[in-house]
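In what follows, a structure is listed as structure tokens, so that the remarks can point back to it.
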Amino acid sequence: MAPGSSKEKKSDDGQASKENFIHLCNPHLEKMKEDILYHFALGTGTHDFPTLFGDVKFVCVGGSPSRMKAFIAYIAEELGLGSPGCDYPNICAGTDRYAMYKVGPVLSVSHGMGIPSISIMLHELIKLLYHAKCSDITIIRIGTSGGIGLVPGSVVITRQSVDATFKPQLEQVVLGKTVIRSTNLDEQLAQELMQCSKEIGQFNTVIGNTMCTLDFYEGQGRLDGAICLYDEEEKLQYLKNAYESGVRNIEMESSVFAAMCNLSGVKAAVVCVTLLNRLEGDQISSPHDVLVEYQQRPQKLVGYFIKKSLGKV
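For the record, in the sequence shown the residue sitting at position 143 is 143 according to full-length UniProt numbering, with numbers rising by one throughout.
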């Protein structure tokens, strides 16, 4: 069976159902005797991927290793698979690049900051899921962002990731040529997450476009970086133009995340909380305890979605 195809199997009641497997856009991998996932410190010659990861159905990724460890502890308790204070070992302890944790059908992985870092992680994560023969996978990025025209603490579910010119695409140079890839995300999944937020009823949530930039300062129109050759009026006009185009938040990973999940045939979503309204300033000034509560909102929403998907709500 070719990678990425669907396979029918019979359920207990005799009904046929389809499993959607990971699609690898790389025929060269079939010729390799062993695949070393260097940045995870894992490999097909040293680890039994189907045994370790074959039951995974949900993968949550985020920038910070500590946040992803906190998420796995949270989801373990929510699913009744762990107890308060229980420790979860880092599966990627052999490297300091990324951290990975697992409980039941949920995998939690850190990706660092920016497109290059998450891209490296996703290449190896997608291959891991393929080698593990996982099917019907949902991958969700949970994180923080700067909001545009939203009350701080609002959660944005991404409809499209757009670049700094508001185009829904990722430009990547491959063998010296520019390749354009789609950055749309799964619309049905976005709506399901929105419905979950309504059922929770604890914080403002919107579906909107997310602008993915190549850096944190000039690329996002900030005035407080080491270099800034534009004025406040130009900055505000740019952010207003972004808002009018449908952008509701800004971060640094969603474009390559969407593009790679699309190419791999994986359902994907981006759920980020906004830490500030960029129309009102550039620096985050909320108290630490407020920011901690904000950062828990995406994990609460995604945790509820996972529980609901597993019939535990």
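Ideal Cβ positions, reconstructed from N, Cα and C, are used throughout, including at glycine.
Spatially closest choice to T46 from S110, K57 and H131, by CA coordinates: H131
Same chain only: Cβ atoms within 6 Å of A41, ignoring 5 sequence neighbours per side: C92, G94 and T95
Alpha helix (DSSP H) runs contained entirely in the segment 111 to 186, provided each spans 4 or more residues: 115 to 131
Validate contact between the segment 123 to 141 and the segment 263 to 280 using beta carbons, cut 8 Å, 3 pairs: yes
Simplified DSSP assignment, three categories, for Y101: strand
Distance CB(E124)-CB(H28) smaller than 8 Å: no
Burial state of L229, where buried means 16 or more other Cβ atoms lie within 10 Å: exposed
Residue from G311, P298 and S309 with nearest C-alpha to Y74: P298
Where the beta strand (DSSP E) containing L301 begins and where it ends: Note, L301: premise wrong, no beta strand (DSSP E); alpha helix (DSSP H) at H288 to S309.
Rounded distance between the beta-carbons of R181 and Q169, thought under 8 Å: 7 Å
Whole-angstrom C-beta distance between V59 and I142, which should lie under 8 Å: At roughly 11 Å, the Cβ-Cβ gap does not stay under 8 Å, so I142 and V59 are not in contact.
Identity of the residue in G221, F216, I250 and V247 nearest E232 by Cα: G221
Secondary structure of K312, DSSP reduced to three states: coil
Straight-line gap, I36 to F49 (C-alpha atoms, nearest Å): 12 Å
S309 versus Q237: straight-line alpha-carbon distance, rounded: 42 Å
Whole-angstrom distance between Y294 and I207, CA atom to CA atom: 17 Å
Rounded Cβ spacing between T210 and N249 (contact assumed at less than 8 Å): 5 Å
Sheet register partners of S108 (DSSP bridge): C60 and Y101
Secondary structure of M211, DSSP reduced to three states: strand
G219, DSSP secondary structure in three states: helix
As assigned by DSSP and simplified to three states, the class of F53: helix
Contact set for P65: own chain, Cβ-Cβ below 6 Å, skip 5 residues either direction: A99 and S110
Alpha carbon of V62 to alpha carbon of E199, nearest angstrom: The amino acid at residue 62 is misidentified as Val; the sequence shows Gly. The alpha-carbon atoms of G62 and E199 are separated by roughly 24 Å.
Classification of S108 by the beta-carbon crowding that lies within 10 angstroms, buried from 16 upward: buried
R248: first and last residue of the uninterrupted beta strand (DSSP E) it sits in: V247 to E251
Alpha carbon of G80 to alpha carbon of I306, nearest angstrom: 13 Å
Separation of V247 from T213, as counted between CA atoms: 12 Å
Helix, strand or coil at F257 according to DSSP, with G and I counted as helix: helix
CA nearest to the CA of E192, picked from M252, A268 and G104: A268
Beta-carbon gap between L301 and V271 smaller than 8 Å: yes
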